[in-house]
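K.L.:
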Amino acid sequence: MAIAGLSLQKWVRMLTAGGSIVGTGVLLFKYTVPTDEELIARFSPEIRAEYERSKALRQKEQQELMKIAQETAKSNDPIWKTGKIGSLLRKTPEIPTLNWLT
6 MAIAGLSLQK WVRMLTAGGS IVGTGVLLFK YTVPTDEELI ARFSPEIRAE YERSKALRQK
66 EQQELMKIAQ ETAKSNDPIW KTGKIGSLLR KTPEIPTLNW LT
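By my numbering, the letter at position 9 of the sequence shown is numbered 14, and the numbering carries on one by one without gaps.
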């Protein structure tokens, strides 16, 4: 039985080799990439303290972005007319709106 000019044996060999490559990649990823907790534990004390201090700010920023996204989803306007979306971590938190598009 030949599929697209290849014998069944070649198909099996090709699928086995491809599966082995993908499986090896998955196993290497699983056992070599540290979890978030392991990574934070490896930080120096100064960096860990800075991470903990900025954690609340990052969570607040995510909540604000979710609120803006929910308000934007309720609007019938195009995405570029939705208003200002800024960052709490930036020095200048507001991004100017593109009024010339209206």
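C-beta atoms are modelled at their ideal positions from N, C-alpha and C, and glycine is treated no differently.
Return the CA-CA distance between residue 11 and residue 62, expressed in angstroms with no decimal places.
P.N.:
What you label residue 11 is simply residue 6 of the sequence shown in a count that begins at 1. What you label residue 62 is simply residue 57 of the sequence shown in a count that begins at 1. Computed Cα separation, rounded: 58 angstroms.
K.L.:
So what's residue 12 in DSSP terms, helix, strand or just coil?
P.N.:
As a first step, residue 12 must be located in the sequence shown, where it is residue number 7. Note: residue 12 maps to strand in three-state DSSP.
K.L.:
Does DSSP put residue 38 in a helix, a strand or coil?
P.N.:
Within the sequence shown, the letter at position 33 stands for residue 38. Of the three classes helix, strand and coil, the one that applies to residue 38 here is coil, per DSSP.
K.L.:
Helix, strand or coil for residue 83, going by three-state DSSP, please let me know.
P.N.:
The residue you call residue 83 lines up with position 78 of the sequence shown. Reduced to three states, the DSSP call for residue 83 is coil.
K.L.:
Are the beta-carbon atoms of residue 58 and residue 45 separated by less than 8 angstroms?
P.N.:
Within the sequence shown, numbered from 1, the residue matching residue 58 stands at position 53. Within the sequence shown, numbered from 1, the residue matching residue 45 stands at position 40. No. Outside cutoff.
K.L.:
Short check: CB of residue 48 to CB of residue 56, under 8 angstroms?
P.N.:
Taking the sequence shown and counting its residues from 1, one reaches residue 48 at position 43. Taking the sequence shown and counting its residues from 1, one reaches residue 56 at position 51. Cβ atoms of residue 48 and residue 56: closer than 8 angstroms.
K.L.:
Helix, strand or coil for residue 49 per DSSP?
P.N.:
As a first step, residue 49 is located in the sequence shown; it is residue number 44 there, counting from the start. Residue state, collapsed to three classes: coil.
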